[in-house]
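Protein chains in written order, with this note's numbering: chain A, 242 to 392; chain B, 242 to 392. Idealized CB from N, CA, C, for every residue including glycine. From a predicted model like this one, the values you see are computed outputs, not experimental measurements. Read the structure below first, then the notes.
Protein chains: 2
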Amino acid sequence: MQEAVIMLTRIDHIGIACRNLDETIAFYQRTYNFSVFHSEVNEEQGVREAMIKINETDDGHATYLQLLEPIRDDSPIAKFLAKHGEGVHHIAFGTADVKAAADAIAEKGVQVLYPEPRRGTMGSSITFLHPKDCGGVLTELVQAAASEDTH
Amino acid sequence: MQEAVIMLTRIDHIGIACRNLDETIAFYQRTYNFSVFHSEVNEEQGVREAMIKINETDDGHATYLQLLEPIRDDSPIAKFLAKHGEGVHHIAFGTADVKAAADAIAEKGVQVLYPEPRRGTMGSSITFLHPKDCGGVLTELVQAAASEDTH
């Protein structure tokens, strides 16, 4: 059987945990002149979030900073903040097929956290890879929605 | 006086601290089919490092993973590993003029760690912003060398 080729074609985003989303947005705006491209609440992930677009990528998508504030104490972001304080929470690779990529990566012995992809930012499909299998880096895989630019 | 416009035009790289560079390169190769674009030793920073190019960016450059292994115990990466273990160490924004960007950001009240830019990967000029002023995120500014593709 031929091995599936895993195609991760961009850094989709860097996820940053913060205690106060509005203050963190204000920091990025004041310091770097960045502005918010999209914001939403993801109830399942337990976060309020803002996406700052940094650059376009050559696979037809873009790279963002994703600012994440917990909306409840049992959110993974709340637990991260309690343990580590504010800072980088995860990195995310973009792929055209998150399910195929996750399955192929699982075959390499890396633990995939969601058996089926879940809903991510801007209608994307996402899963996560366990940091213990990824050199301490919580790693997300993202398949953008067909129309990514829906605010 | 007109305020200087700060132009950070890409995510240049994500810096990842690791204990064993060769094993970490092997992980990224085996798991994602990524290959090393460039590697070098930076004596001043006290690291052995490998750059994995993930995608091209619309400012004419690219986004990389930067894998960093300390070469001595007083390297900032050695101290980070002792305190936090392996994982994301910093994020880096690309800019056409690192000195101008750093000066403008310093005026916003953010501590810039090097008064004058130092030598970064692939002949780039770099400085860092203190994480205490950046929501816990150690943030690097990178001006690529005139010819970035010199291996």
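I'd like to know whether the C-beta of residue 271/A is nearer than 8 Å to at least one C-beta of chain B.
yes
What does residue 256/B pair with, by DSSP beta-bridge criteria?
According to the DSSP secondary-structure assignment, residue 256/B is paired through a beta bridge with 307/B and 331/B.
Sequence-distant residues of its chain with Cβ nearer than 6 Å to residue 387/B (five each side left out):
none
Could you give the C-beta distance for residue 310/A and residue 259/A, rounded to a whole number, given that I count them as a contact under 8 Å?
6 Å
Under DSSP, the beta strand (DSSP E) around residue 384/A begins and ends at which residues?
First-last of the beta strand (DSSP E) with residue 384/A: 380-384.
Kindly say whether residue 362/A, judged by its beta-carbon, lies nearer than 8 Å to any beta-carbon of chain B.
no
Using a Cβ-Cβ cut-off of 8 Å, state whether residue 294/A counts as contacting chain E.
Checking the listed chains, one finds no chain E in this structure; the protein chains it contains are A and B.
Measure the C-alpha to C-alpha separation of residue 382/B and residue 335/B and round it to an integer number of angstroms.
6 Å
Determine the contact status of residue 318/B and residue 282/B, defining contact as a CB-CB distance below 8 Å.
no
So is residue 349/A in contact with chain B if we call contact Cβ pairs under 8 Å?
At least one chain B Cβ lies under 8 Å of residue 349/A.
Please name the residue, chosen from 269/A, 338/A and 325/A, that lies closest to residue 248/B on a Cα-to-Cα basis.
269/A
Could you tell me which residues DSSP puts in a beta bridge with residue 288/A?
283/A and 311/A
Where residue 271/B falls, given that 16 or more other Cβ within 10 Å makes a residue buried
exposed
What I want to know is whether the C-beta of residue 373/A ends up closer than 7 Å to one or more non-hydrogen atoms of the ligand FMN.
Ligands displayed in this structure: none; no statement on the ligand FMN is therefore possible.
With 16 other Cβ atoms within 10 Å as the buried cut-off, status of residue 392/B
Per-residue confidence for residue 392/B stands at a pLDDT of 42, beneath the threshold of 50, marking its modelled position as unreliable; the derived number appears in the next sentence. Exposed, since its Cβ has fewer than 16 Cβ neighbours within 10 Å.
Mind checking residue 301/B: buried by the 16 CB within 10 Å criterion, or exposed?
exposed
What's the gap between the Cα of residue 346/A and the Cα of residue 375/A?
11 Å
Inspect the beta-carbon positions of residue 262/B and residue 308/B and report whether they are closer than 8 Å.
yes
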